[in-house]
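Only one structure is covered here, and it is reproduced in the block below.
Protein chains: 2
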Amino acid sequence: MSKVNITEAELEIMKILWKSDTPLSSYDICDRLEDKTWKYTTVSTLLSRLAEKGAITYEKRGKSYFYTPLLDENAYKIRQAKKLIGKIYDGSLKNMVVALYENKEISEQDIQEIKKLFKL
Amino acid sequence: MSKVNITEAELEIMKILWKSDTPLSSYDICDRLEDKTWKYTTVSTLLSRLAEKGAITYEKRGKSYFYTPLLDENAYKIRQAKKLIGKIYDGSLKNMVVALYENKEISEQDIQEIKKLFKL
DNA sequence: TATTTAAAACTACAAATGTCGTTGGTGCTT
DNA sequence: AAGCACCAACGACATTTGTAGTTTTAAATA
């Protein structure tokens, strides 16, 4: 259930569901996708595909369905991070950090907080 | 020229080209893709698509073409890293590092080397 | 209960992607 | 010069993805 792969568009839906502490209806989701200009049917299609993949589940309440994520947010993100690092940084986070650092892509604040984290 | 997007399969080709210090022919590339079971035509199609996108260039030498990367390896990797961090870690590398750290996904060696890097 | 209507289901379709098969041209060998 | 071998060009096709229109069903209401 945790190895589900989702697309960019589907991820936008997942983000909404992850952010909510209660199940949401398709319309709730549309509302929270303010920036996106997706039609209801588009969101609906994405929800179907996500359910098909096992990334979400739903229950009927009244006339609508209410959706809940099954795919774990943290696990998914970790998997994606590791996938990228494996693909282009030889599996080592350090390689990625070095590359970003040398390109001045890491904020001073991030540096401080990472140092603090590693000091423990 | 640097904002080129390439697919997973195309990336495999780019990796070979990045690794080589001289231009390679399609057959050279096939040879170095030992794990992949791609047919010559597959590699050839990927090379065409990459050239179309401006990610590589080529010159005719004798009967074959020899390919050279145009897309900069480091720039590409940084772009991908930033893209992922922006997409799922709110744009902050720290968030990603924290997540990986808490999931015990960072090797002790990587931790040491990152600390050293940041100490400078 | 018949009617209205909101929401889900079904269908569609173009572009991108992975993966080749086939055709055709050009340089190398006799 | 003719034939052969090698390689590139072209075309193809299934699958995935983004995006949505249309039809059907079931809930709400008159």
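Read top to bottom, the protein sequences are chains G and R. In terms of numbering that gives the first Met the number 0, the first sequence opens at residue 0 and continues consecutively. In terms of numbering that gives the first Met the number 0, the second sequence opens at residue 0 and continues consecutively. In this text, a Cβ means the ideal position worked out from N, Cα and C, and glycines have one as well.
{"Asked": "Do you know whose CA, among R31(R), Y26(R), S47(R), lies nearest G39(R)'s CA?", "Found": "First, the residue type needs correcting, since residue 39(R) is Tyr and not Gly in the sequence shown. Among R31(R), Y26(R), S47(R), the Cα nearest to that of Y39(R) is on Y26(R)."}
{"Asked": "Report the three-state DSSP secondary structure of S19(G) (helix, strand or coil).", "Found": "coil"}
{"Asked": "Contact criterion: CB-CB distance below 8 Å. Does M95(G) meet it with respect to chain R?", "Found": "yes"}
{"Asked": "Are the CB atoms of F65(R) and S24(R) within a distance shorter than 8 Å?", "Found": "yes"}
{"Asked": "Does the beta-carbon distance from A8(G) to L32(G) come in below 8 Å?", "Found": "no"}
{"Asked": "Pairs of beta-carbons, one from the segment 55-65 of chain G and one from the segment 80-93 of chain R, closer than 8 Å: are there three or more?", "Found": "no"}
{"Asked": "Kindly indicate if chain G contains any beta-carbon less than 8 Å away from that of K80(R).", "Found": "At residue 80(R) the sequence reads Ala, which differs from the Lys that was named. A80(R) counts as touching chain G."}
{"Asked": "May I ask which residues mark the beginning and end of the alpha helix (DSSP H) holding K103(R)?", "Found": "Premise fails: K103(R) is in no alpha helix (DSSP H) and is neither H nor E."}
{"Asked": "Check the DSSP bridge columns for E58(R) and list the partner residues they point to.", "Found": "F65(R)"}
{"Asked": "Leaving out five residues on either side along the sequence, give the residues of the same chain with a beta carbon under 6 Å from the beta carbon of A74(R).", "Found": "S1"}
{"Asked": "Give me whichever residues DSSP pairs with S24(G) in a beta bridge.", "Found": "F65(G)"}
{"Asked": "Do L83(G) and V3(G) come within 8 Å of each other at the CB atom, strictly closer than that value?", "Found": "no"}
{"Asked": "Any idea what DSSP makes of G53(G), helix, strand or coil?", "Found": "coil"}
{"Asked": "Pick out whichever of A54(G), C29(G), I12(G), P68(G) has its Cα sitting closest to the Cα of P22(G).", "Found": "P68(G)"}
{"Asked": "Using a Cβ-Cβ distance under 8 Å, would D109(G) count as near chain R?", "Found": "yes"}
{"Asked": "Please name the residues in the segment 21-32 of chain G whose beta-carbon is closer than 9 Å to at least one beta-carbon of chain R, in chain order.", "Found": "none"}
{"Asked": "Alpha carbon to alpha carbon, how far is I113(G) from A14(G)? Give it in angstroms, no decimals.", "Found": "Here residue 14(G) turns out to be Lys, not Ala, going by the sequence shown. Looking at the two C-alpha atoms, the distance is approximately 25 Å."}
{"Asked": "How big is the Cα-Cα spacing for V96(G) and K103(G)?", "Found": "10 Å"}
{"Asked": "Is V3(G) helix, strand or coil when you go by DSSP?", "Found": "coil"}
{"Asked": "Throw me the rounded Cβ distance for the I5(R) and L49(R) pair, which I believe falls under 8 Å.", "Found": "7 Å"}
{"Asked": "Going along the chain, which residues of its own chain have a beta-carbon closer than 7 Å to the beta-carbon of E72(R), five neighbours each way excluded?", "Found": "W17"}
{"Asked": "With a 10 Å radius around its C-beta and 16 neighbouring C-beta atoms as the bar for buried, classify D109(R) as buried or exposed.", "Found": "buried"}
{"Asked": "For the segment 56-84 of chain G, list every residue whose C-beta sits within 7 Å of some C-beta in chain R, in sequence order.", "Found": "N73, K76, I77, Q79, A80, K81, L83"}
{"Asked": "If we ignore side chains and look at the alpha-carbon of each, how far apart do Y100(G) and S47(R) end up?", "Found": "34 Å"}
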